[in-house]
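> I'd like to ask you about the structure that follows.
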Amino acid sequence: MDELLSEAMAPVLRDLRSAGIASPRVEDRDWTELPDSVSAMLWSPDGSGVGVHVSRSLQGFERVAMVADQVQEWAIEELWGQAPTNWPMYPHHPDSHPMTATTRDGTAVWACPADRGPFAPIGAL
457 MDELLSEAMA
467 PVLRDLRSAG
477 IASPRVEDRD
487 WTELPDSVSA
497 MLWSPDGSGV
507 GVHVSRSLQG
517 FERVAMVADQ
527 VQEWAIEELW
537 GQAPTNWPMY
547 PHHPDSHPMT
557 ATTRDGTAVW
567 ACPADRGPFA
577 PIGAL
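In my numbering, the protein residues as written are 457 to 581.
Quick look at the structure:
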């Protein structure tokens, strides 16, 4: 897998593991036709897959947030029907929405979409 994508994905996969969610099988695959992007596929145990990509022109923290958003979509689909789908859960609203990936002051963070409060850097859950 491209080093930029691997570096961007590592903190997100760390957060998945800390929540007890099995990481997807990651396959290096150039599926996007965007000239500035690198891509891969995330595969679930049931054989379903989703593509992830990241732009080379972004800064490192922006790439982490971009990948986190895509991996979060995979995780929510993976959890559907098995466990709560609000991953990552925001402790102040545990029975509601998941946090969203964003950037703040040069850092990729998980934040509450309702009050915009940052909770934790991506990779530190």
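Every residue gets a Cβ at the ideal spot worked out from N, C-alpha and C, and that includes glycine.
The structure presented is a predicted model; accordingly, all values stated were derived computationally and were not measured.
Going by DSSP, name the residue or residues bridged to E483.
Start at 1 with the first residue of the sequence shown, and residue 483 comes out as number 27. E483 pairs with M497.
> To test your reading of the DSSP string, which unbroken alpha helix (DSSP H) runs of 4 or more residues are found completely within the region 515–574?
516–535
> Mind the definition here: the region 521–540 touches the region 461–471 only if three or more C-beta pairs lie below 8 Å; say whether that holds.
Because the criterion of three Cβ pairs below 8 Å is met, the region 521–540 and the region 461–471 touch.
> With distance defined between alpha-carbon atoms, name the residue in R560, D525, F517 and S500 nearest to V508.
Counting from one through the sequence shown, the residue named residue 508 turns up at place 52. Among R560, D525, F517 and S500, the Cα nearest to that of V508 belongs to D525.
> Would D502 be called buried (16 or more neighbouring beta carbons within 10 Å of its own) or exposed?
Position 46 of the sequence shown, counted from the first residue, corresponds to residue 502. Exposed, since its Cβ has fewer than 16 Cβ neighbours within 10 Å.
> Just to confirm before moving on: does the CB-CB distance between V494 and L460 stay below 8 Å?
The residue you call residue 494 lines up with position 38 of the sequence shown. The residue you call residue 460 lines up with position 4 of the sequence shown. A contact, by the Cβ cut-off of 8 Å.
> Since G505 and L514 are thought to touch, with beta carbons under 8 Å apart, how far apart are those beta carbons, to the nearest angstrom?
By one-based count along the sequence shown, residue 505 stands at place 49. By one-based count along the sequence shown, residue 514 stands at place 58. Contact flag wrong, Cβ pair sits at about 24 Å.
> Please report how far the alpha carbon of W566 lies from the alpha carbon of F575, in whole angstroms.
Locating residue 566 in the sequence shown gives position 110, counting from the first residue. Locating residue 575 in the sequence shown gives position 119, counting from the first residue. The straight-line gap from Cα to Cα measures roughly 6 Å.
> Evaluate W487 with the Cβ neighbour count: other Cβ atoms within 10 Å of its Cβ, from every protein chain shown; 16 or more gives buried, anything less gives exposed.
The residue you call residue 487 lines up with position 31 of the sequence shown. By the 10 Å Cβ count, W487 comes out exposed.
> May I have the straight-line CA-CA distance separating L469 from P540, to the nearest angstrom?
Against the sequence shown, residue 469 aligns to sequence position 13. Against the sequence shown, residue 540 aligns to sequence position 84. For L469 and P540, the distance between alpha carbons rounds to 18 Å.
> Just mark L472 as buried or exposed, buried being the case when its beta carbon has 16 or more other beta carbons within 10 Å.
Within the sequence shown, numbered from 1, the residue matching residue 472 stands at position 16. Under this definition L472 is a buried residue.
> M564 and P577: beta carbons closer than 8 Å?
Here residue 564 is taken as the residue at index 108 of the sequence shown, counted from 1. Here residue 577 is taken as the residue at index 121 of the sequence shown, counted from 1. For the record, residue 564 in the displayed sequence is Ala; it is not Met. Closer than 8 Å, so yes.
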